[in-house]
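Residue numbering for the sequence shown follows the UniProt record's numbering, starting at 1 and increasing by one per position. Each remark here refers to the structure printed beneath this line.
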Amino acid sequence: MAVDRVPRGHFPPVNPSLLLRDLTLYFSLSLSLSSSSSELPKSSFLPSSHRPPVEAVAEAAAAVERS
Numbered sequence: 001m002a003v004d005r006v007p008r009g010h011f012p013p014v015n016p017s018l019l020l021r022d023l024t025l026y027f028s029l030s031l032s033l034s035s036s037s038s039e040l041p042k043s044s045f046l047p048s049s050h051r052p053p054v055e056a057v058a059e060a061a062a063a064v065e066r067s
């Protein structure tokens with residue numbers, strides 16, 4: 001098998017708990033970054049067609065409440 005020809009010690013042994021911790025850290029960081037960037041006023045520099053539908057719905061609801 002091709003796997004047997006890879007020299008041992010070529011890759012560090014994977015510790016599953018450390019891998020899980022790193023993945024959890026990575027996803028929580030990316031989630032917090034994406035949620036903080038969504039608080040920026042996107043309407044000022046993005047056309048409305050490029051905005052996510054949730055924001056468009058929220059703006060439409062705010063416009064209806066104002067009128």
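The beta carbon of each residue, even a glycine, is placed where N, CA and C say it ideally should be. Predicted, not measured: the structure shown is a model, and the values here were computed from it.
Length of the line joining the Cα atoms of residue i and residue j
i	j	result
Ser30	Asn15	22 Å
Leu18	Leu25	10 Å
Arg66	Glu55	16 Å
Phe27	Ala61	31 Å
Asp22	Ser32	15 Å
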